[in-house]
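Numbered according to the numbering used here, the sequence shown terminates at residue 349, and the numbering increases by one at each position without gaps.
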Amino acid sequence: MRKIYILTTLLFQLLILSFACSNPFIGDDERGIVQPPTPVYPEIDENPIFHPDGQRIVYQHNAITEVWEGGPYDINPDSMGLWISDINGDNPKMLLEGRSIDADFNPDGTWIVYELNAQIYKAPFTGDSIDTSQVIQLTPGGRNFFPDWSPDGEWIAYDRSISDGYGPYGIWVMKNDGSGKKHIYPYSRAPSWHPDCKRLFTIKSVDVTASQSSYIFIVRYPFEDTPPDTLDIVITSNSVRYVKVSPDGQHILFQSSPGGGNVSIYVMNINGSNLNRLSDGYDPSWSPDGNQIVFIRKSPKVMWGLGTIWIMDKDGNNLKQITFVPENISFINR
């Protein structure tokens, strides 16, 4: 097991305790006014996507074994990694060991592209296994994330989170063999291809009247260095993330928490009209036929709300939980 501590939370708690105990003019009730921030724990599972056959789900499993209120948690590193299961959660199987892996498939599901340790790789995918003997590293260095394979199979889009000797921050594209890398737009993240393969949808956060707002941008092929289009819909006060274009190219799926509320999943038309909230949740992704959405949702029945995988219809109906908090996880109160 590997113990992981949330250092900022623990330090904050110690500072508050030291201040309250050393000041005789603060009563017990007043001491209770200042509260430490809510600790952020990893999800049970995250980053779910459908396999192109529509019958299986690939996701990151974080292998949490023990959680302490307000601070550390334990994991089993031998079980943490990329997993696959049937669409109903049956027959789970580990594909690849590692932490926080984002993945996508080529159109016929015979290759998988994934990010591991801030680099992007691809490997053959056969049945329910990754051929690790044929892994190809596509990015040589820097920090690279969110690979998205184009619907025609020719391109892979991704983002770089820093500017360094390997290139500037922002959205990049490359051929499916890693050649032809091109930086197409700065200050944006998490690209998603439109089915026409001539447009990339991405997000960019800007400061508007001292509040963080996020815009959804459209970058058009051949990715010339011109300003991208901006959709009319802007959800203010918090971040828009995980933009996903529907397989038919008519809708955009994303997560946001407007006004600082619960993170929720939204859908709107491709032109930014007809915005609808579907459910609490995050990390959404479309099924290959566009009729279902897989995502992460926190269960109110679980201490600290650790997230698991859910599926719903494209209109938000027929919610179904796919993965669950393992029964052997220990929840320990301080």
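For each residue, glycine too, the CB sits at the ideal point set by N, CA and C.
Same chain, Cβ closer than 6 Å to residue i, neighbours up to 5 away in sequence not counted
i, result
"N306", "K329"
"W83", "I347"
"R256", "Q270"
"D244", "I233"
"D146", "A138, P139"
"S345", "E81"
"F238", "I199"
"A78", "I90, N91, S94, M95"
"K335", "I326"
"P341", "none"
"P57", "N77"
"G331", "L293, S294"
Contact set for residue i: own chain, Cβ-Cβ below 7 Å, skip 5 residues either direction
i, result
"W208", "D163, S165, P166, A172, L215, V260"
"G124", "H66, P67, D68, F140"
"N333", "M327"
"G201", "Strictly speaking, residue 201 in this sequence is Pro, with Gly absent from that position. Counting only Cβ-Cβ distances below 7 Å, and skipping sequence neighbours, we find P183, Y184, G185."
"Q152", "Q134, Y136"
"V258", "A205, S207, F216, T217, I218, I231, I267, F269"
Backbone secondary structure at residue i - three-state DSSP
i, result
"S100", "strand"
"P273", "helix"
"T245", "strand"
"Q265", "coil"
"S148", "helix"
"M95", "coil"
"N343", "coil"
"S288", "coil"
"I280", "strand"
"T141", "strand"
"G185", "strand"
"Q75", "strand"
"T217", "strand"
"L334", "coil"
"R204", "strand"
"K108", "strand"
"A133", "coil"
"E61", "strand"
"V234", "strand"
"G113", "coil"
"V255", "coil"
"G322", "strand"
"P87", "coil"
Between the CA atoms of residue j and residue i - distance to the nearest angstrom
i, j, result
"P210", "Q265", "10 Å"
"G157", "D68", "33 Å"
"K313", "D117", "20 Å"
"H76", "M95", "6 Å"
"M109", "N343", "18 Å"
"P122", "D179", "32 Å"
"S288", "I72", "30 Å"
"S279", "T154", "33 Å"
"G322", "E61", "8 Å"
"L111", "E130", "11 Å"
"R235", "N284", "18 Å"
"K2", "N191", "Since the first and last residues shown for the chain are 16 and 349, residue 2 lies out of range."
"D119", "L97", "12 Å"
"Y181", "D174", "12 Å"
"S144", "W126", "10 Å"
"W301", "G276", "24 Å"
"S115", "N286", "32 Å"
"S148", "V128", "15 Å"
"I64", "Q70", "11 Å"
"G104", "Y88", "25 Å"
"L32", "G142", "Low confidence applies here, because L32 scores a pLDDT of 41, under 50, leaving its location unreliable; read the following figure in that light. Whole-angstrom Cα-Cα distance: 55 Å."
Beta-carbon separation (whole angstroms), residue i vs residue j, contact threshold 8 Å
i, j, result
"I59", "T338", "7 Å"
"I267", "I326", "The Cβ separation is near 19 Å, so there is no contact."
"P299", "F310", "4 Å"
"V188", "W170", "5 Å"
"T217", "S203", "4 Å"
"S100", "N106", "6 Å"
"A205", "F161", "4 Å"
"Y297", "L290", "Not confirmed; about 17 Å, so no contact."
"Y74", "I308", "Wrong, their Cβ atoms sit about 14 Å apart, outside the cutoff."
Own chain residues within Cβ distance below 8 Å of residue i, not counting five before or after
i, result
"I177", "G157, R158, Y184"
"C212", "S165, P166, D167, E169, W170, Y236"
"D263", "P210, G305"
"G113", "M95, G96, L97, L131, N132"
Within-8 Å CB hit, residue i to chain B
i, result
"D328", "This model lacks chain B altogether; it includes just one protein chain."
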